[in-house]
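Heads up: the protein sequence lines correspond to chains A and B, in order.
The first sequence begins at 1 in UniProt numbering and counts up by one.
The second sequence begins at 1 in UniProt numbering and counts up by one.
The beta carbon of each residue, even a glycine, is placed where N, CA and C say it ideally should be.
No experiment lies behind these values; they were computed from the predicted model shown.
Everything on this sheet refers to the single structure shown next.
Number of protein chains: 2
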Amino acid sequence: MSLVLNGKAKQSRISDAVAQRVLAYVEEVGYKPNQLAKSLRTGKTHVIGLVVEDISNSFFATVAWLIEKQAFERGYRIIYCSTDNDPAKTKELISMFRERHVDGFIIVPSEGIEKEVSAILREQTPTVLFDRHLPDLSTNYVVVDGAQGTYAATQHLLEQGCRRVAFVTIDSTQTQMEERLRGYTQALQEHNLPAQVKRVVVTKETEKVVADIHDFIRDMPECDAIIFATNYLTIYGLEAIAQLQRRIPADLAVISYDDHDLFRLYTPAITAIAQPVESIAKNVIDILLEELQPSAEPAIGLSQQVLPTQLIIRQSSIRPA
Amino acid sequence: MSLVLNGKAKQSRISDAVAQRVLAYVEEVGYKPNQLAKSLRTGKTHVIGLVVEDISNSFFATVAWLIEKQAFERGYRIIYCSTDNDPAKTKELISMFRERHVDGFIIVPSEGIEKEVSAILREQTPTVLFDRHLPDLSTNYVVVDGAQGTYAATQHLLEQGCRRVAFVTIDSTQTQMEERLRGYTQALQEHNLPAQVKRVVVTKETEKVVADIHDFIRDMPECDAIIFATNYLTIYGLEAIAQLQRRIPADLAVISYDDHDLFRLYTPAITAIAQPVESIAKNVIDILLEELQPSAEPAIGLSQQVLPTQLIIRQSSIRPA
DNA sequence: CTGAAAGCGCTAACAA
DNA sequence: TTGTTAGCGCTTTCAG
């Protein structure tokens with residue numbers, strides 16, 4: 001019976017008559033297999049654990065949604081959780097997923113979780129990191145070429161005639177943030193212009209963050225352009241700029257790393273370094289499902305991908321002539 | 001051993017010595033119980049299935065996040081899924097959750113899923129609906145008094161001197177949408193003013209939706225105020241209004257049902273009928289966890305709550321004198 | 001007070 | 001080609 005249900009009738013040389021009979025009975029009784037028992041027996045849950053930084057952030061929400069859709073089509077279910085970038089919470093979530101015997105992991109790693117991730121790797125559980133990676137670990141990952149993105153953005157601002165371009169980022173040594181900073185500094189260096197970097201400490205109290213950015217901009221009257229390293233920093237920044245009554249782009253040009261619905265609708269529309277969400281999702285799930293194939297040789301080779309960004313130029317970075 | 005681990009040592013009169021020995025051994029080996037086997041045996045998974053319309057919508061994202069946090073603290077895990085308001089997908093998701101033996105359901109019901117929900121109810125699986133409910137079914141639910149919200153909003157617009165207030169909603173007979181419409185019509189009736197209602201068909205092609213609203217506004221030059229029945233309708237509407245170059249609030253006052261980050265930051269800031277997300281989340285999870293208590297009498301009584309909204313007045317609805 | 005054993009529903013190996 | 005059965009890891013009952 002089990003064979004028939006799992007579509008192994010042919011291969012197990014079970015007669016069509018029996019297969020039919022089983023199927024008919026199953027239909028009649030409305031039999032639903034107990035997934036729990038099945039999983040206990042086979043060790044496979046067909047569930048993938050997705051650990052992102054913040055599911056309410058549109059970037060992660062979109063990627064998660066695309067991943068879920070693709071996985072669903074291929075018979076896998078996704079369970080999400082947000083880490084809020086808190087290592088303790090991340091560890092707890094990973095441990096919870098392990099207890100629930102997920103077949104694979106997709107993780108946006110916060111800092112300091114190398115130990116937990118290498119534990120998963122040691123158990124041979126297929127895993128893909130995305131958005132950032134852990135440089136000390138050999139893992140699959142899909143990231144974006146942030147340096148190229150901020151380099152192009154800085155270049156664009158310089159072409160618009162800006163000479164004092166500032167960079168607002170978060171207080172973090174994660175790979176993706178370092179990269180974004182690197183592209184910016186490099187572009188300025190090539191033009192022999194000074195860099196002006198603010199590392200904001202992001203807390204729950206959004207007013208404090210806004211005030212922090214507010215003070216940074218206020219104390220830098222000569223500044224004529226700002227690049228924000230994440231979309232939520234840009235949103236805080238726009239609030240600060242409004243408070244200071246600086247006009248965009250006349251007084252201050254603005255570019256955001258990572259796009260957002262709001263940026264298209266804001267007045268003026270905000271130029272953004274867009275990440276290729278579809279490609280990210282597709283690559284992540286492809287790598288994972290490939291490793292989930294029983295046929296695949298384990299550790300046959302890591303897949304480490306770096307995807308390009310795209311600069312979407314809107315009004316906020318176009319200086320009047 | 002099982003007794004000790006589950007904290008039933010005392011009650012089963014197991015000697016402290018043995019309990020200690022077991023605990024020490026467990027610690028030493030790093031034993032982790034297999035949740036799958038446990039669930040198979042007990043029939044309890046400690047997982048709650050959360051079926052929302054669209055997890056990337058900030059309203060649902062926030063409520064989901066609050067529910068998850070509360071549930072986590074009390075030992076329950078949440079698995080989410082989005083229905084996109086598609087009955088077929090909703091049925092599939094409910095059936096998937098049933099297969100996974102979730103202990104309880106939290107559902108934002110789309111239309112036409114009465115049969116599935118009553119099947120869950122018949123199985124005595126604790127369930128709470130929110131945001132809207134199914135009038136034909138006796139279930140627990142937590143909804144918002146949308147009629148009161150739109151009534152107050154319309155009233156406010158009339159006080160501002162508006163005389164031709166239009167209402168843009170979606171093509172749906174769901175309870176919450178009907179309520180929102182009702183509050184609007186009632187307020188206008190009391191002032192003997194004509195109602196002007198547009199029911200938009202929401203599709204994947206956002207341009208079409210925007211164009212639809214665009215045409216509605218264009219063909220109604222005497223209109224001096226609009227209430228949008230959802231936050232995403234407002235976002236489409238703002239785009240349409242920008243295309244038409246109508247000034248807010250001078251030419252057209254705007255109010256959105258359901259608040260959004262964007263509305264605070266938009267120029268001008270958009271007046272919104274805010275829903276009490278914290279209360280919704282708290283009430284939903286409290287009702288569900290109460291029913292999940294084995295002590296609770298089943299069907300002892302339904303909990304049906306209607307929470308108030310709050311009108312947050314911003315610039316978009318203040319007419320110049 | 002403690003250890004042994006049945007059985008949750010399923011799959012896969014093994015007899016028949 | 002088919003029916004039978006062991007056992008996945010746990011809880012809980014029932015002898016010891």
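Proximal chain A residues relative to residue i, where beta-carbon distance stays under 9 Å
| i | result |
| --- | --- |
| residue 323(B) | Here chain B has residues from 1 to 321 only, and residue 323(B) is not among them. |
| Lys32(B) | Ser95, Arg98 and Glu99 |
Chain B residues whose Cβ lies nearer than 7 Å to that of residue i
| i | result |
| --- | --- |
| residue 331(A) | One cannot answer for residue 331(A) here, as it falls past the ends of chain A, which runs 1 to 321. |
| Leu181(A) | None at all; the shortest Cβ gap to chain B is about 26 Å. |
| Glu239(A) | Leu265 |
Exposure label - residue i; buried when at least 16 CB within 10 Å
| i | result |
| --- | --- |
| Asp215(A) | exposed |
| Gly49(B) | buried |
| Ala135(A) | Sequence check: residue 135(A) is Pro here, not Ala. Looking at its Cβ environment, which holds fewer than 16 other Cβ atoms inside 10 Å, Pro135(A) is exposed. |
| Leu289(B) | buried |
| Thr83(A) | buried |
| Glu116(A) | buried |
| Ser39(B) | buried |
| Thr173(A) | exposed |
| Asp131(A) | buried |
| residue 323(A) | Here chain A covers residues 1 to 321 and nothing more, so residue 323(A) does not appear. |
| Gly75(A) | exposed |
| Tyr31(A) | exposed |
| Gly146(A) | buried |
| Pro109(A) | buried |
| Asn231(A) | buried |
| Tyr25(B) | exposed |
| Arg77(A) | buried |
| Asn283(B) | buried |
| Ala272(B) | buried |
Closer than 7 Å at the beta carbon, the chain A residues around residue i
| i | result |
| --- | --- |
| Arg100(B) | Gln35 |
C-beta atoms of residue i and residue j nearer than 8 Å
| i | j | result |
| --- | --- | --- |
| Leu188(B) | Ile217(B) | no |
| Gln160(A) | Ser317(A) | yes |
| Arg100(A) | Gln20(B) | no |
| Val197(B) | Phe167(B) | yes |
| Ser95(A) | His260(A) | no |
| Thr154(B) | Val165(B) | yes |
| His133(A) | Ile313(A) | no |
| Cys81(A) | Leu66(A) | no |
| Leu129(B) | Ile113(B) | no |
| Phe105(B) | Thr90(B) | no |
| Leu265(B) | Glu207(A) | no |
| Ile280(B) | Val102(B) | no |
| residue 406(B) | Arg122(B) | Here chain B covers residues 1 to 321 and nothing more, so residue 406(B) does not appear. |
| Pro194(B) | Ala250(B) | no |
| Arg163(B) | Asp219(B) | no |
| Ala71(A) | Ile285(A) | yes |
Limits of the beta strand (DSSP E) - the one that residue i falls within
| i | result |
| --- | --- |
| Gly104(A) | Gly104 to Ile107 |
| Ala166(A) | Val165 to Ile170 |
| Ile273(A) | Thr271 to Ala274 |
| Ile312(A) | Gln310 to Ile312 |
| Val200(A) | Gln196 to Val200 |
| Thr127(A) | Thr127 to Phe130 |
| Gln304(A) | Gln304 to Leu307 |
Span of the alpha helix (DSSP H), counted from its first residue to its last, around residue i
| i | result |
| --- | --- |
| Asn140(A) | Per DSSP, Asn140(A) belongs to no alpha helix (DSSP H); it is in the beta strand (DSSP E), Asn140 to Val144. |
| Thr185(B) | Thr175 to Glu190 |
| Arg122(A) | Glu114 to Arg122 |
| Leu289(A) | Val277 to Leu292 |
| Ala211(B) | Thr206 to Arg218 |
Partner residues on chain B for residue i, Cβ-Cβ distance less than 8 Å
| i | result |
| --- | --- |
| Ser39(A) | Leu36 |
| Leu262(A) | Asp261, Leu262 and Leu265 |
Proximal residues of chain B, C-beta to C-beta of residue i below 9 Å
| i | result |
| --- | --- |
| Ala147(A) | Ordered by position in chain B, no residue passes the 9 Å Cβ test against Ala147(A), which lies about 28 Å from the chain. |
Neighbour list for residue i in chain A, Cβ cutoff strictly below 8 Å
| i | result |
| --- | --- |
| Ala61(B) | Ile55, Ser56 and Ala61 |
| Ile235(B) | Asp261 and Leu265 |
For the region 229-269 of chain B, which segments carrying the beta strand (DSSP E) assignment without a break, of at least 3 residues, lie completely within its bounds, in sequence order? With a minimum length of 3 residues, the continuous beta strand (DSSP E) runs that stay inside the region 229-269 of chain B are 253-257.
List in chain order: all unbroken alpha helix (DSSP H) runs of 4+ residues lying wholly within the region 37-110 of chain B. If one requires a minimum length of 4 residues, the alpha helix (DSSP H) runs lying completely within the region 37-110 of chain B are 58-73 and 87-99, in chain order.
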